[in-house]
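Sequence lines, in order, name chains A and B. If you want this note's numbering, it's the position in the first sequence, counting the first as 1, plus 34. If you want this note's numbering, it's the position in the second sequence, counting the first as 1, plus 187. Reading through the structure tokens given below for one structure.
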Amino acid sequence: MTTDPAKDPDGDRESLLLRLAALISDGAHVDWDTMESAATTAAEREMIRRLRTLAEITAVHRPPGSSAE
Amino acid sequence: MEQMPPPASDPVPEAEPLSGTEISFESTHFLLQGVQRGDSQALDRLCQRYLPRLRRWATGRLPAKARGFMDTDDLVQDTLIRALRRFPDFELRHEGALQAYLRHAVFNMIREQARRVRSRPEAAELDGEERDPGPSPLEQAVGRELADRYEAAFNRLRPEDQQAIVARCEMGFSYKEVAEALKKPSPDAARMAVSRALLNLAREMHV
Chain A
35 MTTDPAKDPD
45 GDRESLLLRL
55 AALISDGAHV
65 DWDTMESAAT
75 TAAEREMIRR
85 LRTLAEITAV
95 HRPPGSSAE
Chain B
188 MEQMPPPASD
198 PVPEAEPLSG
208 TEISFESTHF
218 LLQGVQRGDS
228 QALDRLCQRY
238 LPRLRRWATG
248 RLPAKARGFM
258 DTDDLVQDTL
268 IRALRRFPDF
278 ELRHEGALQA
288 YLRHAVFNMI
298 REQARRVRSR
308 PEAAELDGEE
318 RDPGPSPLEQ
328 AVGRELADRY
338 EAAFNRLRPE
348 DQQAIVARCE
358 MGFSYKEVAE
368 ALKKPSPDAA
378 RMAVSRALLN
388 LAREMHV
């Protein structure tokens, strides 16, 4: 994640969340504790928690051994 | 941050297996017309495609006490066949619409089963009140409140986002199949559509 203050922080946050969503769709492993602790704002942390919930929900539906990794 | 996930625009991983029951959209359209004319072979082909996925989805959603009450496999199969016969052909703009329609039909069947469990006479005789049908595997995984929030948020999404999530995250279709179902130009585009739909779903999951 960039720390360049000239970059758009909202754009960076959106990009990170979109990448996490893609990993959920792939059925890939995500270190959610690390992602949550690295969040820079309360709003970002809340969105990461919601994505974590979605990862748990999609795991219930996913057929065994079907991740795209 | 130690580990950055790959960007959503990364190429779709190659290892994803294609299902042995892939049917193109045009075939689905053709088969659906066959079903509605009473063609049993067309019905068999569509059941072959959808039944295993819908059974797995229903197993994750059926309350614990409803699972022993009726044969889930039979219920899903009956629901699928009825839904395929009733699906209005003009609604089949792309296959994603059919998948979302089938999910809705099975969801309603599960709700009906839960209602039946609650109102069984033997349940009422035991305590004089309606019986809780128990948690589904999904509710066991994330809790009833979050499962309800998921469903409420899902219902607020645009149909396009709903269809992307159903196809990939709930039915487990490959990105190639999702691209075909949603009329996306490539598996990469399908992956991006599913990712954006998941992000929109997360945004809708407010209390």
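We treat Cβ as the ideally placed atom computed from N, Cα and C, and that holds for glycine. From a predicted model like this one, the values you see are computed outputs, not experimental measurements.
Residues of chain B whose Cβ lies closer than 7 Å to the Cβ of arginine 84(A) are, in chain order, Ala389 and Met392.
Within chain B, the residues Ala328 and Val329 have their CB atoms less than 8 Å from the CB of glutamate 90(A), given in chain order. Three or more beta-carbon pairs separated by less than 8 Å link the region 333-349 of chain B to the region 371-390 of chain B, which places the two stretches in contact. Look at aspartate 226(B) here: in three-state DSSP terms it is coil, with no helix or strand label.
Residues of chain B whose Cβ lies closer than 9 Å to the Cβ of threonine 75(A) do not exist; the shortest such Cβ separation is about 15 Å.
Taking every protein chain shown into account, the CB of glutamate 367(B) has 16 or more other CB atoms within 10 angstroms, so this residue is buried. Residue Leu219(B) holds the alpha-carbon nearest to the alpha-carbon of leucine 271(B) among Leu279(B), Ser373(B) and Leu219(B).
Looking from the CA of alanine 56(A), the closest CA among Arg273(B), Pro374(B) and Gly330(B) belongs to Pro374(B). Taking the Cα of glutamine 264(B) as reference, the smallest distance to any Cα among Ala253(B), Arg280(B) and Met296(B) is reached at Met296(B). When DSSP states are grouped into helix, strand and coil, serine 306(B) belongs to the coil group. Counting other Cβ atoms within 10 Å of its Cβ, histidine 393(B) stays below 16 and is therefore classed as exposed. Using a Cβ-Cβ cut-off of 9 Å, arginine 355(B) is close to Ser59 and Thr92 of chain A, given in chain order. Not a single C-beta of chain A is nearer than 9 Å to the C-beta of arginine 343(B).
Rounded to the nearest angstrom, the gap between the Cα atoms of lysine 363(B) and glutamate 326(B) is 30 Å.
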